[in-house]
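Undergrad: Got a structure for you, questions after.
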Amino acid sequence: MIKYILKKLLQMIPMLLVISLIVFLGLRATGIDPITYMVSMEVQAQSPEIVEQLRENLGLNDPLIVQYFNWLKQIVTGDLGYSFGGQSIASIVAVRLPYTLELSGYALVFSTIIGVAIGIFSAARQNGVVDYVGRVFAVLGQAVPQFLVGIILIQIFSIKLGWFPSANRVSPDATNKIYDAFIHLFLPVLTLTIGMVAVLMRYARNTMLDVMNSDYIRTARSKGIPEWKVYMKHGFRNAMKPVLIIVMFRIPVLIGGSVVIESVFSYPGIGLTMTNAIVSNDYPTVMVITLIIAAVMLICSFMVDVLNALLDPRVRLSE
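Read in full-length UniProt numbering, the sequence shown has 262 at position 262, and its numbers run on one by one without any break.
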């Protein structure tokens, strides 16, 4: 198992290198000149020698591949550089990334509990009212874009009813910070949860139905074991293994979705920071955040592989 884990960890390194190279060359190919954001047009016109010296000091006159390796060296040593606004990118990430993880974490927990519970109940009451309603919800939840769901929730609960705020993480004048953070989180978490629940409930239902039609379930029933015990001990336990893997697979999708949802709700996470950086052509920030998001997704993929290998030893033996 240790050999399998080390192999998967080593496979992540070339993937990250390829992603970093694509991001760096792709953004540099846009032709954005950092000097225009660091030096005023007046200084550029009056003191071209200062501008040229600055360009030389920053390594902008070097070939692109040299610039890439210099940037990569900085990243590896923990120096994430500075945004065009002069702020340390490391400090930006340190503040904003936990907000995104908080948002995604709550959505993951709630959607897993709700989605699996409804899916299992729907399988137990196949073709019942809950099952039909659940299947319709699953189709709609996956068909409607998350940003549209967010806009609809804002229209209903923020603008029409005024129950929840539609932007930011906390109010500046809030006296109860915990409660205020909760009501600010409610709508964005709900938006992410709806889409995730739609996927998980459908998969949990179908997996549970497949398990309950298995030979060992029929054998357990023939032995006179109570139906509830067959369902929970034999059915539920075996159905949860593939469901857990799907949950892990959905984590990168959830994090990617939070980038969009943060923009809809002006939630100050890493996604909104990246959106603002793209709009302002702040490519140093965009490069670092893109690399961080890619790293998080690769780590999630690694965790899926490890979990899959733990649940099914045939996976690691085949590799």
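Just so it is clear, CB atoms sit at the ideal spot from N, CA and C, and this is done for glycine as well.
Tell whether a beta-carbon distance below 7 Å holds between Y278 and R96.
TA: Sequence inspection shows Ile at residue 278; the Tyr mentioned does not correspond to that position. No, the Cβ-Cβ distance between I278 and R96 is not below 7 Å.
Undergrad: Less than 7 Å separating the beta-carbons of T193 and A117?
TA: No, Cβ-Cβ distance for T193 and A117 is not below 7 Å.
Undergrad: Look at the alpha carbon of G141 and the alpha carbon of V199, and state the distance between them as a whole number of angstroms.
TA: Going by the C-alpha atoms only, they are around 8 Å apart.
Undergrad: Given a cut-off of 7 Å on the beta-carbon distance, is the pair Y203 and I245 in contact?
TA: Going by C-beta atoms, Y203 is not nearer than 7 Å to I245.
Undergrad: S83 by DSSP, collapsed to three states: which one?
TA: DSSP places S83 in coil when its eight states are reduced to three.
Undergrad: Can you give the beta carbon distance from R205 to G128, rounded, assuming they're within the 8 Å contact cut?
TA: About 12 Å separates the two Cβ atoms, so there is no contact after all.
Undergrad: Strictly by DSSP, which residues pair up with S88?
TA: According to DSSP, which records beta bridges pairwise, S88 is partnered with Y82.
Undergrad: Quick one: what's got a C-beta closer than 8 Å to S171's C-beta in the same chain, skipping five residues either side?
TA: P165, D180 and H184, listed in sequence order.
Undergrad: Under a three-way DSSP split, which group does F164 fall into?
TA: In this structure, F164 counts as coil in the three-state DSSP scheme.
Undergrad: Mind checking V149: buried by the 16 CB within 10 Å criterion, or exposed?
TA: Buried, by the Cβ-count rule.
Undergrad: When DSSP labels each residue in this structure, what does T290 get in the three-state scheme?
TA: Looking at T290 - three-state DSSP - the assignment turns out to be helix.
Undergrad: In whole angstroms, give me the CA-to-CA distance for F24 and D131.
TA: In a straight line, the C-alpha of F24 is about 48 Å away from that of D131.
Undergrad: According to the Cβ coordinates, are T275 and S263 closer than 7 Å?
TA: Contact: yes.
Undergrad: Nearest-angstrom Cα distance between Q126 and V133?
TA: Between Q126 and V133, the C-alpha separation is close to 11 Å.
Undergrad: Could you check the C-alpha separation between I113 and G86 for me, to the nearest Å?
TA: Their backbone Cα atoms lie some 43 Å apart in a straight line.
Undergrad: Quick check: the stretch 249-266 against the stretch 75-84, are at least 3 beta-carbon pairs closer than 8 Å?
TA: In short, these stretches do not touch, since the Cβ pair count stays below three.
Undergrad: Would you decide whether K3 is buried or exposed? Buried here means 16 or more other CB atoms lie within 10 Å of its CB.
TA: Exposed, by the Cβ-count rule.
Undergrad: Okay, do the stretch 285-295 and the stretch 208-221 touch, 3+ Cβ pairs below 8 Å being the bar?
TA: In short, these stretches do not touch, since the Cβ pair count stays below three.
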